[in-house]
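Chains as they are written, first to last, in the working numbering: chain A, 3 to 399; chain B, 3 to 399; chain C, 3 to 399; chain D, 50 to 161; chain E, 50 to 161; chain F, 50 to 161. Where a beta carbon is used, it is the ideal one built from N, C-alpha and C, also for glycine. Below is one structure, written out as structure tokens; comments come after it.
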Ligand SMILES: Nc1ncnc2c1ncn2[C@@H]1O[C@H](COP(=O)(O)OP(=O)(O)O)[C@@H](O)[C@H]1O
Ligand SMILES: Nc1ncnc2c1ncn2[C@@H]1O[C@H](COP(=O)(O)OP(=O)(O)O)[C@@H](O)[C@H]1O
Ligand SMILES: Nc1ncnc2c1ncn2[C@@H]1O[C@H](COP(=O)(O)OP(=O)(O)O)[C@@H](O)[C@H]1O
């Protein structure tokens with residue numbers, strides 16, 4: 003039976019999560035150099051459009067089709083065969099749509115690692131392979147009845163599937179494609195901070211649909227997920243702000259990065275922990291990801307827009323924190339503090355496998371695409387900027 | 003009896019559709035020259051405000067009042083007399099609000115045809131006449147129990163009422179007001195592509211409310227409408243992107259135009275066709291509207307921001323596609339492929355009448371307003387730009 | 003018992019109101035000088051993050067805890083003790099979240115009074131004191147069972163709590179912190195009108211969640227609140243536009259200011275008046291706030307972004323209009339026209355007390371913070387701009 | 050060596066640029082500016098009141114060229130940037146003492 | 050013919066423009082720039098550390114005027130753009146060799 | 050007095066600015082511009098077709114300095130703005146007739 007309230011909720015949440023994709027595009031676009039602003043926004047749209055089609059063709063089935071050895075779903079639902087307007091609580095088609103916008107967003111986050119230097123044709127090929135070979139299995143593991151779910155790993159709204167995977171994939175991709183010309187020596191200041199803040203605002207907004215919607219019901223659990231999401235974002239923003247302050251000035255980009263770190267970290271935990279744990283998780287993630295970012299810069303890694311530091315490391319932090327702070331009274335599972343240390347171990351294993359799988363497979367895909375068609379634009383095109391070189395457009399002064 | 007789930011859904015959908023109007027403003031604003039950016043955004047707000055008042059005064063009643071000869075509604079509900087907080091499924095007042103935001107958006111789309119040259123006072127007068135004499139009857143025909151509904155024409159969310167009507171009205175208006183000074187010879191590059199992309203993102207987001215909300219229930223049909231909307235948008239974006247690529251470079255404006263073309267085309271079909279048909283409709287609309295745009299440019303028509311090519315022609319494509327791809331299992335009506343060729347004929351007649359009516363009546367209104375008070379600003383004002391000339395404001399470099 | 007439809011509705015409304023805070027930031031940011039654009043957006047985020055934490059620590063309890071003498075709530079719910087996922091209609095935690103986003107937004111509005119000159123550290127301290135000592139008691143009075151509620155004062159969605167309080171607090175703050183350097187003589191044109199209009203659009207959108215959500219149910223009352231909200235905004239926009247036109251040119255900033263004035267004024271009334279009253283309230287607020295703004299400028303008051311003129315005075319107008327136009331058939335209470343002149347008196351008293359309390363207490367807090375740590379940046383920092391001086395960031399030309 | 054500094058209509062920029070290209074003039078620095086000139090002749094009437102004309106978006110092109118090329122460049126700009134209406138713009142020629150590249154340490158007296 | 054190039058406070062631009070207007074100086078090209086000058090004297094202290102001052106938004110006005118008008122224009126800018134605090138700006142005078150219009154083929158020796 | 054006008058890569062602006070600072074050159078006016086120069090050598094191939102290279106974002110620095118300082122300033126810009134690849138930019142030196150402050154009525158012949 004379909005519940006109209008729940009269906010209404012998930013319909014809107016799906017739309018809100020969709021808005022996160024251009025949110026990522028605006029956020030990233032504001033952070034790159036002016037000559038690549040359009041490129042970043044366009045990549046996010048292209049990622050979303052590409053995955054939307056792949057999803058109905060085979061992605062959904064690979065993720066949520068009948069389990070094959072705990073690793074991937076079967077192709078029974080390819081082309082959405084047999085998926086209809088009925089369902090349990092919500093229409094099946096709506097579940098497909100809700101999961102679709104997650105998949106699209108995840109690929110958009112990955113563009114961080116190739117910002118300002120990816121060839122658009124190669125991105126299309128890479129993206130198709132990546133969402134099929136990395137995202138779909140991961141989604142199956144956690145939510146489609148795969149091994150991680152069977153194993154008891156907790157991931158409420160996508161800490162592993164969306165954030166660890168996109169963060170470590172961005173890192174692998176960045177290693178394969180190489181640093182931007184002049185990285186390190188050259189100044190590469192954000193070209194449009196207000197735009198980045200707007201993107202961040204859309205992310206914060208959409209994240210409510212992302213986390214609360216993952217309750218798949220308009221109920222108390224959704225409410226819990228909602229409020230802890232906001233609390234973690236706020237705590238992350240303030241924590242990063244203050245840390246940056248101690249070491250210099252409290253920049254707005256730091257503040258919004260902290261908010262995103264908090265949002266990432268609360269993602270796997272949102273249906274398992276309470277508001278006070280959310281303060282700790284959010285603030286902790288702000289500090290932890292700040293540290294990761296500093297480390298990344300010191301190591302001279304050009305994972306350009308910090309999907310690794312914020313989504314990847316924030317996702318790890320959140321997945322482990324879930325194992326620490328989960329309370330049976332909220333999500334039915336206890337964590338370390340609530341007397342179940344085993345859960346933390348389960349989380350650790352899950353994190354380890356997801357990190358290894360997403361980094362490893364992405365690395366291989368990226369190498370293959372690079373060998374076959376070249377991931378990167380020419381030096382001239384990079385100098386001229388992708389807006390002109392790839393899209394034939396430009397942002398006026 | 004009011005259903006809280008459905009009511010919740012339509013309340014939020016109404017808000018989402020409202021956001022499409024500034025979305026159109028930002029989209030159009032990004033595409034014009036810098037000296038008219040504020041003007042385009044302001045026109046969209048003004049259109050929306052104007053129609054909001056007209057709607058409660060008489061627009062709603064003309065559209066949804068007791069049928070008069072299948073042509074228009076009576077004035078029984080003028081000033082919302084007798085419309086209350088009760089209703090069937092949703093409160094009657096909510097239905098009024100939901101339909102109000104459609105009407106406001108439609109007039110905003112029409113501003114495409116007069117971009118960078120309309121006198122604001124004349125736009126107020128034109129807008130009032132247009133929404134009353136064109137939009138309200140069309141809404142009555144399709145949804146208020148008028149002849150088109152009786153005749154069996156399918157228009158789920160406004161392919162004819164909103165898109166064909168606004169597209170062909172923009173064309174008529176463009177013919178009356180004439181080309182922009184220097185059109186053809188002068189470069190008239192978009193001044194702010196990121197802003198246009200942001201506007202496009204808001205449109206895509208709001209369109210979920212537009213199409214899924216048109217189910218007027220939070221149910222399987224809404225879910226179907228939601229997912230086909232996204233699929234068509236994605237397919238349209240990719241189709242246009244690739245076509246533009248073959249002939250040059252894959253610009254982001256093309257991509258987002260393709261997405262809008264797909265959204266337009268799926269609008270009448272969203273409650274009648276399934277996901278795979280949506281791929282075809284979206285991609286087809288991308289190609290078709292691309293062709294229409296090229297045709298428009300070749301013919302030297304200054305329908306400046308392509309409401310005709312995208313909304314008008316996309317609406318035609320979608321209305322006919324509905325007649326082709328409709329499946330009884332989804333919306334209760336079969337189309338050509340499902341064994342009911344008559345439906346395509348019905349759609350054809352409906353399209354023909356709506357094209358003729360909206361183009362013709364708009365042309366007459368525009369001529370009258372032009373004769374009485376002049377539609378167009380002076381040559382000096384056009385040169386200076388409407389931001390300064392009409393609003394006394396300007397966008398800094 | 004939890005109703006899924008209502009819960010779905012309030013969940014989404016909460017997210018929509020959250021989006022209003024960056025909406026305020028973008029609106030304000032577009033209106034200041036370029037060197038303070040980032041600062042304004044950042045202040046809104048910081049206000050929101052700060053209040054989010056304060057709210058779960060003690061704010062909620064002070065507002066909605068067990069009543070103490072009608073003045074403030076007790077600390078029983080500090081740290082959200084005893085607040086769970088159950089509830090009446092909606093989960094208790096969701097009510098906490100819904101009220102949280104109101105509190106955060108209100109502090110963001112107050113930044114109007116200190117735009118382009120506040121020290122970020124002092125803002126943090128001031129904000130914490132303000133939300134605790136001003137906002138929380140006011141929320142308790144109106145909605146937490148305090149004296150105003152007992153007294154019968156009507157405030158549907160926060161005319162007094164949010165708007166009068168933020169407006170008059172901004173004024174008090176502006177008086178304490180003093181005028182911007184060069185105010186009056188220097189030109190201080192908006193640096194980015196399109197951004198301000200975008201912010202205004204997000205406000206308009208979010209306001210549906212604000213007002214309709216305040217029905218705390220997805221029902222006819224919510225629908226009424228929704229439609230009157232839109233009508234008042236439209237009427238306000240047109241009224242201000244026309245007034246500005248008579249005295250010069252119809253600027254877009256005036257238009258959006260009028261819309262906000264209409265939205266403010268309908269806020270306390272949304273659940274008590276009908277659509278036709280909304281036209282009058284919206285248009286009246288547009289005129290009234292326009293007058294207040296002109297007065298403010300003539301008096302040389304540097305309440306920089308007109309929270310006082312629009313939120314403060316608009317709030318007063320709306321609170322009194324509620325006493326005039328309330329109809330028993332809608333919200334169960336009659337106003338002047340419906341035969342209950344006493345209600346207007348009650349509203350007057352309520353307004354008087356709230357004006358005095360918020361202005362007075364804010365003035366004292368501001369003086370204390372100023373004395374202890376200085377509210378204002380140095381003259382050099384103000385000249386350089388807060389983006390660089392406070393955040394170490396800047397907006398490129 | 051001279052700097053030819055042309056302030057023209059944004060709408061004509063593309064054709065001017067293309068024409069310069071066609072004639073082998075590549076080096077240029079372009080700025081979006083606001084300008085006011087002969088359009089002082091333009092008066093916007095507003096509610097009966099004549100409003101002062103504000104600044105209008107223009108594009109400024111700076112080209113450093115050899116003395117010999119100045120006339121050619123001016124000719125190209127005029128030929129391709131003209132509409133014949135007020136607002137077409139002005140060209141200023143300024144003396145340049147020297148020009149060099151950042152990429153190498155050599156002087157660059159031969160011009161662009 | 051000279052180009053008077055004034056870099057002033059954005060806040061003072063309106064009054065300078067109006068004053069120039071009042072004295073018959075219409076032609077101008079305006080650019081939003083970032084600048085650094087005597088505000089090097091300004092030091093922002095941050096957590097005890099003195100931070101280097103960054104670039105601050107300024108408005109650059111370029112006016113080509115006849116030699117005779119240079120002093121008048123400078124006087125007007127000074128009179129109307131001054132606050133007396135560091136940051137008021139600088140005026141540079143550059144020589145101009147010739148000036149012409151795009152709209153016609155005539156030289157324009159008489160200046161703006 | 051000369052105006053040194055350097056058009057450089059946006060990416061190198063920070064190091065150039067810091068280096069100038071270190072050598073006591075503070076006064077500068079900075080504009081974001083679009084430019085085209087030796088990158089005409091750069092050709093973007095697109096679907097087999099060579100596309101004309103468009104304008105690329107650059108930063109223009111204008112510094113009015115005393116005649117004696119010109120060489121020093123050019124040297125600093127070259128040392129800190131160079132990558133050795135096409136696109137590093139150009140430096141133009143223009144004569145300046147006089148310079149003055151808005152803040153006071155005194156001439157300012159001693160330069161910046
Ligand atoms: N005296 C001047 N000094 C500097 N810039 C000028 C001057 N006169 C005109 N300009 C610039 O040239 C632009 C075009 O001038 P305008 O007089 O409108 O062109 P035209 O004379 O061809 O009609 C102006 O917008 C302004 O930017
Ligand atoms: N030597 C210079 N070269 C180029 N521009 C300069 C120079 N000195 C100052 N400026 C410009 O003038 C602006 C104002 O200079 P500033 O020294 O702050 O004014 P004042 O000397 O009146 O206090 C600077 O921001 C910069 O744009
Ligand atoms: N002749 C010229 N006139 C004006 N500006 C020029 C000229 N030549 C180059 N420029 C400016 O200098 C920038 C860098 O020039 P470029 O030739 O790419 O540098 P490089 O010669 O060091 O490789 C250009 O983008 C343009 O803004």
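Check, Outcome
"Neighbour list for residue 52 (chain F) in chain E, Cβ cutoff strictly below 9 Å", "54, 141, 143"
"7 Å CB neighbourhood of residue 363 (chain B) in its chain, flanking five on each side removed", "135, 136"
"With 16 other Cβ atoms within 10 Å as the buried cut-off, status of residue 374 (chain B)", "exposed"
"Euclidean distance between Cα positions of residue 92 (chain C) and residue 5 (chain C)", "6 Å"
"heavy atom of ligand 3 below 7 Å from residue 127 (chain F) C-beta", "no"
"Below-8 Å beta-carbon distance, residue 16 (chain A) vs any chain C residue", "no"
"is_contact[residue 133 (chain B), chain I] using C-beta, thresh 8 Å", "Among the chains of the structure shown, chain I does not appear; the protein chains present are A, B, C, D, E and F."
"Contacts around residue 160 (chain D), its chain only, beta-carbon distance under 8 Å, and the 5 residues preceding and following it disregarded", "Reliability fails at residue 160 (chain D), whose pLDDT of 46 lies under 50, so the model's placement of it is uncertain and the value that follows must be treated cautiously. The answer, listed in chain order, is 50, 113, 114, 115, 118, 148."
"Cβ-heavy atom distance, residue 107 (chain F) to ligand 3, below 7 Å", "yes"
"Per-residue DSSP class, three states only, for residue 50 (chain D)", "coil"
"Exposed unless 16 or more other CB atoms sit within 10 angstroms - verdict on residue 422 (chain B)", "An answer regarding residue 422 (chain B) cannot be provided, because it is not within the stretch 3 to 399 covered by chain B."
"Reduced DSSP category for residue 103 (chain E) - H, G, I as helix; E, B as strand; rest coil", "coil"
"Residue-chain proximity (residue 159 (chain E), chain D), Cβ-Cβ < 8 Å", "For residue 159 (chain E), the predicted structure reports a pLDDT of 46, less than 50, and the residue's modelled location is therefore unreliable. The matter cannot be settled from this model."
"Neighbour flag for residue 60 (chain E) against chain C, beta carbons, 8 Å", "yes"
"Continuous beta strand (DSSP E) stretch holding residue 147 (chain F): start and end", "147-150"
"Segment contact flag, the region 249-257 of chain C with the region 184-200 of chain C, C-beta cutoff 8 Å, min 3 pairs", "yes"
"Under 8 Å between C-beta atoms of residue 111 (chain B) and residue 309 (chain B)", "yes"
"DSSP-derived helix/strand/coil call for residue 59 (chain D)", "helix"
"Chain C residues whose Cβ lies nearer than 7 Å to that of residue 31 (chain B)", "196"
"Any alpha helix (DSSP H) of 4 or more consecutive residues that is wholly inside the region 94-157 of chain B", "94-112, 122-132, 138-145, 149-153"
"Residue 277 (chain B) - containing alpha helix (DSSP H), residue span", "277-300"
"Residue of B:311, B:392, B:304 minimising C-alpha distance to residue 116 (chain B)", "B:304"
"Contacts of residue 63 (chain F) in chain A (Cβ-Cβ under 7 Å)", "189"
"Option nearest residue 170 (chain C) by Cα separation, candidates C:244, C:397, C:368, C:154", "C:368"
"Contacts of residue 105 (chain E) in chain C (Cβ-Cβ under 8 Å)", "37, 385, 386, 387, 390"
"Separation of residue 126 (chain D) from residue 65 (chain D), as counted between CA atoms", "6 Å"
"Three-state secondary structure assigned by DSSP to residue 395 (chain B)", "coil"
"Check: residue 23 (chain C) C-beta below 7 Å from any heavy atom of ligand 2", "no"
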